[in-house]
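Visitor: Residues 397 to 876 (this note's numbering) make up the sequence shown, in order. Sharing a structure with you now.
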Amino acid sequence: MENIHMLIDGQWVGNKDDQWINVINPASNEKTTQIVRGNLQHADLAVQAAKQALKSKEWRAFKPFERGQFLHETARYIRDNAEELAALESLDTGKPSAQATSDVEAAARYFEFYGGMADKVFGDTIPVEADLLNVTVIEPIGVTLHIVPWNYPIQITSRSVAAALATGNVVIVKSSEDTPLSTNFLAKWFHEKLPKGVFQHVTGYGAEIGAALTSHTGINQITFTGSVPTGISVMKSAADNVVPVTLELGGKSPNIVFEDADLERAIPAIVNSIVQNAGQTCSAGSRLLVAESIADEVLESLMKKFCQLKVGPPVHQADVGPIINGKQYERILGILADIGKDAKLLTGGQAVKVDGFENGFYISPAIIEAADHDSAFVQEEIFGPVLSVIRFKGIEQAIELANATDYGLVAGIWTKDIDKAHYTAARIESGQVFINSYGAAGGVQMPFGGYKKSGIGREKSHLAVQNYIQIKNIAIQIRL
Ligand code: NDP
397 MENIHMLIDG QWVGNKDDQW INVINPASNE KTTQIVRGNL QHADLAVQAA
447 KQALKSKEWR AFKPFERGQF LHETARYIRD NAEELAALES LDTGKPSAQA
497 TSDVEAAARY FEFYGGMADK VFGDTIPVEA DLLNVTVIEP IGVTLHIVPW
547 NYPIQITSRS VAAALATGNV VIVKSSEDTP LSTNFLAKWF HEKLPKGVFQ
597 HVTGYGAEIG AALTSHTGIN QITFTGSVPT GISVMKSAAD NVVPVTLELG
647 GKSPNIVFED ADLERAIPAI VNSIVQNAGQ TCSAGSRLLV AESIADEVLE
697 SLMKKFCQLK VGPPVHQADV GPIINGKQYE RILGILADIG KDAKLLTGGQ
747 AVKVDGFENG FYISPAIIEA ADHDSAFVQE EIFGPVLSVI RFKGIEQAIE
797 LANATDYGLV AGIWTKDIDK AHYTAARIES GQVFINSYGA AGGVQMPFGG
847 YKKSGIGREK SHLAVQNYIQ IKNIAIQIRL
């Protein structure tokens, strides 16, 4: 595959003097391509170009409804190329083709959803006094920076870029060094269709070009998805320039299974919520809280399902793909190797060697039962196919345990009792609550974001456009 170049100021950037980073296919640990190791100068060039583009006549001439039409065209382009895009996403992340295909569909939906909103974001007329016309005007916030992780590259790029372009901003996307392919594919489309500098794609290490961008004085807004420590450092950089951030930082989301749950519905959803994308999902249902009276039955069913899951590369039509890279793979195996007397490994958790793909990063899906809710297995995000289980007695303990982590992204509640469901949902500290389902971050229309250390702000839904606007109040005194 040809090397990936950055798109800066309408030019494909990357020459023999640049440093290059290998991109690895996690299914086989083989090199697929190379990206440019972006540096401080690249960051500065991108920001200067973005500032020019924001002021340019060409971009300002796009009327809101035309921006909407363009975003719909982008959705059509994604759908027309869905097979190729899904193949690239699978190659980059190792995820099963069915998951990659649904990620591509979600990407198209983001462009449609925000395309539909482009001419529906408007200000207010505010009554103050008879001879004062007081209005608010909505403006783009400016140069927006989108730092995208490796777990859902096309979805996460699309969800914030679509909202930012709909509201007239310019965007710089920093893709993860592990997964540049689908963003590069989109970059080619934007290069052809948009004025230069409106959409730019930069590559390299987060700690280098990523940090150079987050601390750049020309950036007006940052949307970051990733780990809590990196999110905190992004927020600190942004604070120096008084720049707003939207942070989506993961979780340790509980599925709460009460004794009256419909287990035929609950079990497959719980399995999917933790093995989807090999558990490398911010909204993974990684913590199972189960009523003591049914715990043995639930665990037996889960173990049976876990053992039936096929682990392997996309070409094997596996259920569970590889871990994204060697570093994450070793980290997860290290956590699993550390199981002491406060937890018990019920199934899985082994390195798997797949025929023909012996160097890929495969781990069999694991269930760990912990004796103590304070144990690291229950508190910390493992970000792999590992389900941590705790038994509870009664609804109050279930709620207390559900809230007893630093995170608060998603929760699932399984019960046939509507009062119990609502009572619990009202007391759960998390951005999304699913009752008798587990939406793994749910649809494009549903606000998504975290309480506590799971993040700041909301992505998805009509609310996300608020991240990308400035509100100007204009008061006109009328005197004849
Ligand atoms: P990071 O949070 O370090 O990386 C996420 C993104 O931030 C990547 O694009 C990365 O670029 C970039 N980045 C890294 N450092 C900086 C920086 N100083 N300034 C600006 N951008 C930066 O996550 P990791 O990939 O290291 O994964 C570690 C853990 O993070 C996982 O185990 C998981 O718990 C969590 N995570 C959560 C995700 C979520 O969806 N909420 C997604 C991914 C990870 P690059 O990759 O090129 O270094």
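Cβ coordinates follow ideal geometry from the N, Cα and C atoms, glycine included.
So, helix, strand or coil for P536, using DSSP?
Guide: Strand at P536.
Visitor: In three-state terms, what does DSSP make of S784?
Guide: Three-state result, S784: strand.
Visitor: Check whether the Cβ atoms of A449 and G593 sit closer than 9 Å, and answer yes or no.
Guide: The answer is yes: Cβ separation under 9 Å.
Visitor: Restricting to Cα atoms, I'd like to know which of N863, K723, D692 and K447 is closest to L742.
Guide: It is D692.
Visitor: State the Cα-Cα distance for the pair A482 and A494, rounded to the nearest angstrom.
Guide: Straight-line Cα distance between these residues: approximately 8 Å.
Visitor: Looking at C-beta atoms only, is the number of pairs between the stretch 786-805 and the stretch 630-640 that lie closer than 8 Å three or more?
Guide: No: the two stretches stay apart, fewer than three of their Cβ pairs being nearer than 8 Å.
Visitor: Give the secondary structure of I791 by DSSP, where H, G and I count as helix, E and B as strand, and everything else as coil.
Guide: Helix, per DSSP.
Visitor: Answer with buried or exposed for E398, where buried requires no fewer than 16 other C-beta atoms within 10 angstroms of its C-beta.
Guide: When all chains shown are included, E398 counts as exposed.
Visitor: To the nearest angstrom, how far is the alpha carbon of Q828 from that of N668?
Guide: So the alpha carbons of these two residues sit roughly 17 Å apart.
Visitor: How big is the Cα-Cα spacing for G845 and I420?
Guide: So the two alpha carbons sit approximately 30 Å from each other.
Visitor: Is any heavy atom in the ligand NDP found nearer than 8 Å to the beta carbon of S493?
Guide: Result no, Cβ not under 8 Å from the ligand NDP.
Visitor: P843 to D413, Cα distance in whole Å?
Guide: Cα-Cα distance, rounded: 44 Å.
Visitor: Just to confirm, are L684 and V707 a CB contact at a threshold of 9 Å?
Guide: No. Outside cutoff.
Visitor: Can you have a look at S689 and say buried or exposed, based on whether 16 or more other CB atoms are within 10 angstroms of its CB?
Guide: Exposed: under 16 other Cβ atoms inside 10 Å.
Visitor: Quick check on W455: does DSSP put it in helix, strand or coil?
Guide: Looking at W455 - three-state DSSP - the assignment turns out to be helix.
Visitor: Rounded to a whole number of angstroms, what is the C-alpha to C-alpha distance between G853 and D751?
Guide: So the alpha carbons of these two residues sit roughly 44 Å apart.
Visitor: Please go through the same chain and pick out, in chain order, the residues whose beta-carbon is closer than 6 Å to the beta-carbon of I663, but skip the five residues on each side of it.
Guide: The answer, listed in chain order, is S697.
Visitor: Starting from the N-terminal side, write out each stretch of the alpha helix (DSSP H) that is 4 residues or longer and does not extend beyond the stretch 514-601.
Guide: List check, alpha helix (DSSP H) in window: 549-562 and 577-589.
Visitor: Check the DSSP bridge columns for F753 and list the partner residues they point to.
Guide: Its beta-bridge partners are V750.
Visitor: Taking 8 Å as the cut-off, does the stretch 491-505 touch the stretch 430-441 (at least 3 CB pairs, one atom from each stretch)?
Guide: Counting Cβ pairs under 8 Å, fewer than three are found: no touch.
Visitor: Just list the beta strand (DSSP E) runs in the stretch 701-775, keeping only unbroken ones of 3 residues or longer that don't cross its boundaries, in chain order.
Guide: 739-743, 747-750, 753-759 and 762-766, all fully within the stretch 701-775.
Visitor: Applying the 10 Å Cβ sphere with the 16-neighbour rule, what's the burial state of I867?
Guide: Exposed.
Visitor: Assuming P549 and E485 are in contact, meaning their beta carbons sit under 8 Å apart, how far apart are those beta carbons, in whole angstroms?
Guide: Indeed, because the Cβ distance is near 7 Å, the residues count as touching under 8 Å.
Visitor: Bridge partners of V409, per DSSP?
Guide: V409 pairs with M402.
Visitor: Under the rule that 16 or more other beta-carbon atoms within 10 Å means buried, what is I778, buried or exposed?
Guide: Classification of I778: buried, given that the 10 Å Cβ count is 16 or more.
Visitor: Output the distance between the C-alpha atoms of N869 and P536, rounded to the nearest integer angstrom.
Guide: N869 and P536: Cα-Cα distance of roughly 14 Å.
Visitor: From V569 to T470, what does the alpha carbon distance come to, in whole angstroms?
Guide: Answer to the nearest angstrom: the Cα atoms are 16 Å apart.
Visitor: Which same chain residues end up closer than 6 Å to Y758 when comparing Cβ atoms and leaving out the 5 residues on each side of it in sequence?
Guide: Counting only Cβ-Cβ distances below 6 Å, and skipping sequence neighbours, we find V707, P718, V748 and V750.
Visitor: Would S682 pass as a contact of S826 if the rule is Cβ separation under 9 Å?
Guide: No. Outside cutoff.
Visitor: Thinking C-alpha only, which one of E655, A871 and F620 is nearest V641?
Guide: Closest option to V641, Cα to Cα, is F620.
Visitor: In angstroms with no decimal places, state the Cα-to-Cα distance between H597 and V567.
Guide: Going by the C-alpha atoms only, they are around 9 Å apart.
Visitor: Tell me which residue opens and which closes the beta strand (DSSP E) that K632 is part of.
Guide: Here K632 belongs to no beta strand (DSSP E); instead the alpha helix (DSSP H) covers V624 to D636.
Visitor: Would you check if the distance between the CB atom of Q551 and the CB atom of D515 is smaller than 9 Å?
Guide: Cβ atoms of Q551 and D515: not closer than 9 Å.
Visitor: Should Q775 be counted as a contact of the ligand NDP given a C-beta to heavy atom distance under 8 Å?
Guide: Result no, Cβ not under 8 Å from the ligand NDP.
Visitor: So what's Q415 in DSSP terms, helix, strand or just coil?
Guide: Note: Q415 maps to coil in three-state DSSP.
Visitor: Residues in the same chain with beta-carbon distance under 7 Å from S554, minus the five sequence neighbours each way, listed in chain order, please.
Guide: Excluding positions up to five away in sequence, the list reads A503, Y506 and F507.
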